[in-house]
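**Student:** Quick one: the structure is below, questions incoming.
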Amino acid sequence: MDRTDEFLKEMGNKISEQIRKPKRLYFRVENKDLLEVVEYLFKKMACRLSTATATEVHRGIEVLYQFSHDASGCYFCPRVVMTDLKNPVMSSITPVVRGAEWIEREMFDFWGIKFEGHPRMEPLLAREHPKGLGHPYRFRRTT
Amino acid sequence: MSKNTIPVGPFHPLLEEAEYFTLQVDGETVVDIDLDIGWMHRGHEFISEQKTFTQSIYLVERICGICSTSHPIACVHAIEDVCNVEIPERACYIRTLVGELERIHSHLLWLGLAGHFIGYDTVWMWAWKYREPVLQMFEIISGNRNHYGMMRVGGVAKDVDPAAVPELSKILDMIEKKMIMIAKVANDDPVLKSRLVNVGVLSKQDAINFCAVGPTSRASGVPADVRRDEPNDAYGLVDFKVIVTENGDVYDKLVVRVLEIIESIKIVRQCLDKLANIQGPILNNVKEIPPGEGIGRYEAPRGEVFHYVRTDGTNRPIRHKVRAPSFVNIPTFMASCKGIPIADALITLAAVDPCYCCTERSLKVVDHNRDSLNINLLAASRTRTEEIRREIHGR
Amino acid sequence: MGWYNKRLAKSIWVFHVSASPCNNCDIEILDLLTPYYDIERFGIKLVGSIRHADVLLLSGIVNQKVGPMVQRIYQQAPKPVFVVGVGTCPSSGCCFNDSYNISQNREEFIPIDLYIPGCPPKPEAMIEGVVKLVEVLNG
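These protein sequences, in sequence, are chains A, B and C.
Throughout the first sequence, residue numbering follows this note's numbering, covering 1 to 143 in sequence.
Throughout the second sequence, residue numbering follows this note's numbering, covering 1 to 395 in sequence.
Throughout the third sequence, residue numbering follows this note's numbering, covering 1 to 139 in sequence.
Take a look at the structure:
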């Protein structure tokens, strides 16, 4: 049972840059609409958060959340783009999805992205690291 | 009562890997738990961006030594999702065969370690004794006990020798007999029951909130299994059951794993039967990988392995994200460990089968003064190993 | 130390230090203890505390975070203690040489006396490695 159409009907006005493939839907969401879309995916459609991926590309830093709809095997991937490379900030989804806590802390480690509303914004892997990891995945390293 | 802090780790006799827990206790009860990870961090995603796609498969194999074929399978699925390549039928069965054998050996490994953690070393020795024939099957199939190197984009690297199939079936029969015995033991062993029932309960709502995967969530009643939800490879062609239990305690996690071993044996047998009949190529050549994004996943022994690959048309990925199952299973400790005694805390920590590595010939020193005793030691070891081998296979 | 080492060689007690490995060498080390290989019959025993150990089995690339801890473990060990690097990682870094988190010079944290290469080394190879160590200890 493919629920992509149902999702597009409900949330179609909030999303852009759709890429639709069999069983995969990638789309862009503005930061202010993110929580609403995530709440719809997680609570209404009972999706499971697989993970979130940050990538630095030419237009800025992209964070791609991957939600898996287990009943149909579909993936819904909201993408948030941050253009401010010096001080990337976006809203946290941890208050809605408890399982995102570590995923967002890991991104804070590697990219320096600050998540507003996260209950515990501190490094995960680089905690008590003697030298500090820096932000190894950014194009220009800070260390 | 005042609260005390108990540090566990980074090097602790009970922990296989280096990790650091801080247990906040009130009397004997754990009230809070904090984890410090990163002792195993090696930066796979960073290295993978500098390697070609074929090299990447070698690299992701070394994320974890226990699920060392789940990561390559998920990785090749992700790359195949970008370039839409068809996989030959024989290769599908070989992939499923290797993946399921890995599930058997990993669950047996967990069963043994769980026995070790509750101080029941007999379970450890028994489970690991019957894990050894599975590693021998791997040696026959791929040539190595761990790190098989079987996966390629578009198929598999090595064919299963048809002459070896009867021997594989014979070993499998032996394992199945023993596994049915172990399932019976788990069903009515008073020690296991008194130690594990109603310990470290993870409720269904918590499993959903923490996005837990694999046996951890299936023991809590969440029927998610990638093998059924997205039947890649030969999973759509074979017959198997998804094991789900309701209680969510450590005992249920044990039951799920033991029953899954028996299901896996069923799948392996079906694959071996098919491999004896199906002929054909095992690898489709992939000429180029177009720009795009791909998601690949596979049900590893611990849960869903997730790989995301983003390409720009060159021979390297610009982003390769790996999410191992333990990364989402380990935070469930924060729900399941609260309010239980310290003695039960460690088995609860071990119950999700945490793999912190996921969340990441002999060289001679001196070759003279050879002592005859030591050569005998080595020879004795080999003779003894051969004896046990004969004893187990009855030949 | 010749006299002492000879006594040491009779029954080696090993402590297992996992310093960011891929887990594979670790399970192969545990495999040695189980009925199939059963090295306890040669007096080789895995101990829980570093204070009891004669030999450290080190596996993994020793990343920058775990390095100081490994150094502390080594300092706590009663001397003489011998360090065996199990697997390709302690000797060459395996495929992790390009990583930002690897310690390029593992010898600064812990001096390694014997390497057993292989990814992972077979249990037979590990037994042979320990036998080589016994040979050296016996002089």
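Note that CB positions come from ideal geometry on N, CA and C, so glycine has one too.
1) Would you mind giving the Cβ-Cβ distance between arginine 302 of chain B and glycine 214 of chain B, rounded to the nearest angstrom? I have them listed as a contact below 8 angstroms.
2) What are the boundary residues of the alpha helix (DSSP H) that asparagine 138 of chain C is part of?
3) Can you tell me which of B:Glu19, B:Tyr20, B:Asp26 puts its alpha carbon nearest to the alpha carbon of isoleucine 340 of chain B?
4) How should asparagine 101 of chain C be labelled, buried or exposed, when 16 other C-beta atoms within 10 angstroms of its C-beta is the threshold for buried?
5) Determine the direct distance from the alpha carbon of serine 336 of chain B to that of aspartate 109 of chain A, and round the result to whole angstroms.
6) Excluding sequence positions up to five away, which residues of its chain have a Cβ less than 8 angstroms from the Cβ of alanine 126 of chain A?
7) Are the C-beta atoms of arginine 310 of chain B and some chain A residue less than 9 angstroms apart?
8) With a cut-off of 8 angstroms on the beta carbons, I'd call isoleucine 116 of chain C and glycine 85 of chain C a contact; round off their distance for me.
9) Rounded to whole angstroms, what is the Cα-Cα separation between valine 160 of chain B and glutamate 132 of chain B?
10) Can you name the residues of chain A whose CB is closer than 9 angstroms to the CB of proline 21 of chain C?
11) How about histidine 129 of chain A: is its C-beta nearer than 9 angstroms to some C-beta of chain B?
12) Using a Cβ-Cβ distance cut-off of 9 angstroms, determine whether valine 365 of chain B contacts chain C.
13) Report the neighbours of lysine 129 of chain B on chain C: residues whose CB is nearer than 9 angstroms to its CB, in chain order.
14) Would you identify the three-state DSSP class for glycine 112 of chain B, choosing helix, strand or coil?
15) Could you check which residue in B:Ile278, B:Pro290, B:Asn329 has the C-alpha nearest to that of alanine 300 of chain B?
16) Looking only at C-alpha atoms, which of B:Asp353, B:Arg227, B:Asp249, B:His307 sits nearest to serine 220 of chain B?
17) For the alpha helix (DSSP H) that isoleucine 347 of chain B lies in, which residues bound it at each end?
18) For the beta strand (DSSP E) that methionine 69 of chain C lies in, which residues bound it at each end?
19) If you run the structure through DSSP and keep just helix, strand and coil, what is arginine 62 of chain B?
20) Taking Cβ to Cβ, would you say valine 17 of chain C is nearer than 9 angstroms to leucine 133 of chain C?
21) Between the beta-carbon of arginine 152 of chain B and the beta-carbon of isoleucine 278 of chain B, is there less than 9 angstroms?
22) Compute the Euclidean distance between the alpha carbons of isoleucine 183 of chain C and alanine 77 of chain C, then round it to the nearest angstrom.
23) Hey, out of B:Leu275, B:Val8, B:Val242, B:His393, whose CA is closest to valine 256 of chain B's CA?
24) Tell me the rounded alpha-carbon separation between histidine 147 of chain B and cysteine 75 of chain B.
25) Between leucine 49 of chain A and chain B, is the shortest Cβ-Cβ distance under 9 angstroms, so that the two count as touching?
26) To the nearest angstrom, report how far apart alanine 351 of chain B and threonine 22 of chain B are at their CA atoms.
27) With DSSP run on the structure shown, which of helix, strand or coil describes asparagine 23 of chain C?
28) Apart from the five residues just before and just after threonine 216 of chain B, which ones in its own chain have a Cβ nearer than 6 angstroms to its Cβ?
29) Methionine 11 of chain A by DSSP, collapsed to three states: which one?
30) If we cut at 9 angstroms on Cβ distances, does tryptophan 102 of chain A have a partner in chain B?
31) For methionine 90 of chain A, which of helix, strand or coil comes out of DSSP?
32) Under the DSSP definition of a beta bridge, which residues are partnered with cysteine 74 of chain A?
33) Suppose contacts are defined by Cβ-Cβ distances below 9 angstroms. Is glycine 294 of chain B in contact with arginine 310 of chain B by that definition?
34) Can you name, in chain order, every residue of its own chain whose Cβ lies under 8 angstroms from the Cβ of alanine 52 of chain A, other than the five neighbours on each side?
35) Is the beta carbon of arginine 316 of chain B less than 9 angstroms from the beta carbon of lysine 51 of chain B?
36) Could you check which residue in C:Arg7, C:Pro80, C:Ala19, C:Met126 has the C-alpha nearest to that of glycine 38 of chain C?
**Tutor:** Short version:
1) Confirmed, about 5 angstroms.
2) DSSP places asparagine 138 of chain C inside the alpha helix (DSSP H), whose first and last residues are 123 to 138.
3) By alpha-carbon distance to isoleucine 340 of chain B, the top candidate from B:Glu19, B:Tyr20, B:Asp26 is B:Asp26.
4) Classification of asparagine 101 of chain C: buried, given that the 10 Å Cβ count is 16 or more.
5) Here the alpha carbons of serine 336 of chain B and aspartate 109 of chain A stand approximately 26 angstroms from one another.
6) Cβ within range, chain order: Asp109, Gly132, Leu133.
7) The Cβ of arginine 310 of chain B sits closer than 9 angstroms to at least one Cβ of chain A.
8) Between glycine 85 of chain C and isoleucine 116 of chain C the Cβ distance is about 7 angstroms, and since that is below 8 angstroms, they are a contact.
9) Straight through space, the alpha carbons of glutamate 132 of chain B and valine 160 of chain B are spaced by roughly 20 angstroms.
10) Residues of chain A passing the Cβ test: none, with the nearest at roughly 16 angstroms.
11) Chain B contact via Cβ: present.
12) Because the pLDDT at valine 365 of chain B is just 37, under 50, the model does not fix this residue reliably, and the point stays unresolved.
13) What lysine 129 of chain B touches in chain C: Thr34, Pro35, Tyr36.
14) Assignment of glycine 112 of chain B by DSSP, reduced to helix, strand and coil, places it in the helix class.
15) When the alpha-carbon of alanine 300 of chain B is set against those of B:Ile278, B:Pro290, B:Asn329, the nearest one is in B:Asn329.
16) Measuring from the Cα of serine 220 of chain B, the nearest candidate turns out to be B:Asp249.
17) Segment 342 to 351, the alpha helix (DSSP H) holding isoleucine 347 of chain B.
18) Looking at the DSSP string, methionine 69 of chain C is not in any beta strand (DSSP E); the run it does join, the alpha helix (DSSP H), is 67 to 76.
19) Coil at arginine 62 of chain B, not helix or strand.
20) In this structure, the beta-carbon distance from valine 17 of chain C to leucine 133 of chain C does not fall below 9 angstroms.
21) The beta carbons of arginine 152 of chain B and isoleucine 278 of chain B sit no closer together than 9 angstroms.
22) Only positions 1 to 139 of chain C appear in this structure, which leaves residue 183 of chain C out of reach.
23) Cα-wise, what sits closest to valine 256 of chain B is B:Val242.
24) Taken atom to atom, the span from the alpha-carbon of histidine 147 of chain B to that of cysteine 75 of chain B is near 15 angstroms.
25) Taking 9 angstroms as the CB threshold, leucine 49 of chain A lines the interface with chain B.
26) Taking the straight line joining both Cα atoms gives about 18 angstroms.
27) Here DSSP, grouped into helix, strand and coil, assigns asparagine 23 of chain C to coil.
28) So the list reads Asn329, Val352, once near-sequence residues are dropped.
29) Reduced to three states, the DSSP call for methionine 11 of chain A is helix.
30) Yes, contact with chain B.
31) DSSP places methionine 90 of chain A in strand when its eight states are reduced to three.
32) As a beta-bridge residue in DSSP terms, cysteine 74 of chain A pairs with A:His69.
33) Pairing glycine 294 of chain B with arginine 310 of chain B gives a Cβ-Cβ distance under 9 angstroms.
34) Result list for alanine 52 of chain A: Val63, Leu64, Tyr65, Gln66, Ala100, Ile103, Glu104, Met107, in chain order.
35) For arginine 316 of chain B and lysine 51 of chain B, yes; Cβs fall inside 9 angstroms.
36) For the sequence presented, residue 38 of chain C should be read as aspartate rather than glycine. Residue C:Met126 holds the alpha-carbon nearest to the alpha-carbon of aspartate 38 of chain C among C:Arg7, C:Pro80, C:Ala19, C:Met126.
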